[in-house]
Amino acid sequence: MNPIPIDIRWLVRADYPKVIAIEEECFGVHALTNKELTDGLHGLRNVGVSAWLDDDIAGFMLYELFKEIIHLTDLAVTDRCRHLGVGTVLMKTLIDKLGKHDRSKIILEVRETNLAGQLFFRQMGFIATEVLRNHFSDIGEDAYRMSYVMKGHSPVNRLFQIRKSSGSL
Ligand SMILES: CC(C)(COP(=O)(O)OP(=O)(O)OC[C@H]1O[C@@H](n2cnc3c(N)ncnc32)[C@H](O)[C@@H]1OP(=O)(O)O)[C@@H](O)C(=O)NCCC(=O)NCCS
6 MNPIPIDIRW LVRADYPKVI AIEEECFGVH ALTNKELTDG LHGLRNVGVS
56 AWLDDDIAGF MLYELFKEII HLTDLAVTDR CRHLGVGTVL MKTLIDKLGK
106 HDRSKIILEV RETNLAGQLF FRQMGFIATE VLRNHFSDIG EDAYRMSYVM
156 KGHSPVNRLF QIRKSSGSL
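For the sequence shown, this note's numbering begins at 6 and goes up steadily by one.
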């Protein structure tokens with residue numbers, strides 16, 4: 006079976022209304038506003054990418070480029086396009102950026118209650134490395150920091166850190 010054709014493009018201003026609509030559908034009261042999106046993409050290190058399916062935006066991601074890491078700050082796929090591989094194509098696009106300019110790791114923070122998101126990232130090869138207490142200040146929700154480390158670099162997961170701090174390693 007042929008994979009569904011998903012087109013990856015840079016996010017441009019004309020896409021913002023659609024991005025905000027997907028944000029609101031996915032995150033409700035926690036959605037980014039148009040101002041937050043515009044301000045967030047203003048910085049030189051901030052990047053937005055859209056995924057197109059059938060001439061429409063099916064999903065997008067926002068990330069920040071640092072010297073050694075990529076910080077994924079947002080990823081969302083519209084409800085009607087879920088489970089078609091859109092999220093996977095977006096994440097593979099990001100993973101493909103590793104290895105260039107000394108970048109070997111992607112990090113993100115996912116809400117403790119967002120089990121679907123955690124499972125998605127886990128099957129993409131991410132591992133939970135840290136609990137960030139009250140990370141989402143809107144409702145004081147904890148976050149899991151999850152990391153993807155490029156092959157050839159050693160991942161350090163939460164269990165490793167707990168064992169190390171308890172002296173059992
Ligand atoms: C998480 C999200 C981006 C996944 O996008 P998607 O395009 O549906 O993902 P894919 O089709 O590439 O899924 C690949 C695999 O990930 C896993 N996965 C995806 N969604 C899942 C869910 N809701 N529950 C459990 N596993 C899931 C499955 O293994 C899936 O394979 P399958 O469809 O054969 O079962 C999408 O559900 C979404 O936008 N959620 C709301 C926003 C969000 O939580 N973003 C992440 C935190 S910022």
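Beta carbons are placed, not taken as given, at the ideal position from N, Cα and C, and that holds for glycine. Just so you know, these numbers come straight off a predicted model, no measurement behind them.
- Residue state for Gly48 is assigned as coil, using DSSP reduced to three classes.
- The beta carbon of Cys31 is closer than 7 Å to those of Ala81 in its chain, skipping five residues each way along the sequence.
- Contact between the region 87-96 and the region 39-48 is absent: fewer than 3 CB-CB pairs across the two stretches fall below 8 Å.
- Rounded to the nearest whole angstrom, the C-alpha separation of Val115 and Thr78 is 9 Å.
- Across the set Asn139, Ala121, Gly130 and Leu70, the C-alpha of Leu70 shows the shortest separation from the C-alpha of His106.
- Cβ-Cβ distances below 8 Å link Thr118 to Glu146 in the same chain, with the five nearest sequence neighbours on each side left out; the list follows chain order.
- Per DSSP, Glu29 is not a residue of any beta strand (DSSP E); the alpha helix (DSSP H) it occupies stretches across Tyr21 to Phe32.
- In this structure, Ala133 has its CB at a distance of at least 7 Å from all heavy atoms of ligand 1.
- Spanning the alpha carbons of Ile9 and Ile111 requires a straight line of approximately 26 Å.
- In the DSSP annotation of this structure, Arg108 is not part of any beta strand (DSSP E), being labelled neither H nor E.
- Between the region 51-69 and the region 16-24 there are three or more C-beta pairs closer than 8 Å, enough to call the two in contact.
- Between Tyr68 and Leu37, the C-beta gap is not smaller than 8 Å, which leaves the two residues out of contact.
- Its Cα nearest to that of Tyr149, the residue Gly122 stands out among Ser109, Gly130, Gly122 and Glu28.
- Under DSSP, no beta-bridge partner is assigned to Ser170.
- In the DSSP assignment, Phe141 is bridged to Glu146.
- With a 10 Å radius around the Cβ and a threshold of 16 neighbouring Cβ atoms, Ala26 comes out exposed.
- Ranked by Cα distance from Val154, the options Leu124, Leu103 and Leu137 are led by Leu103.
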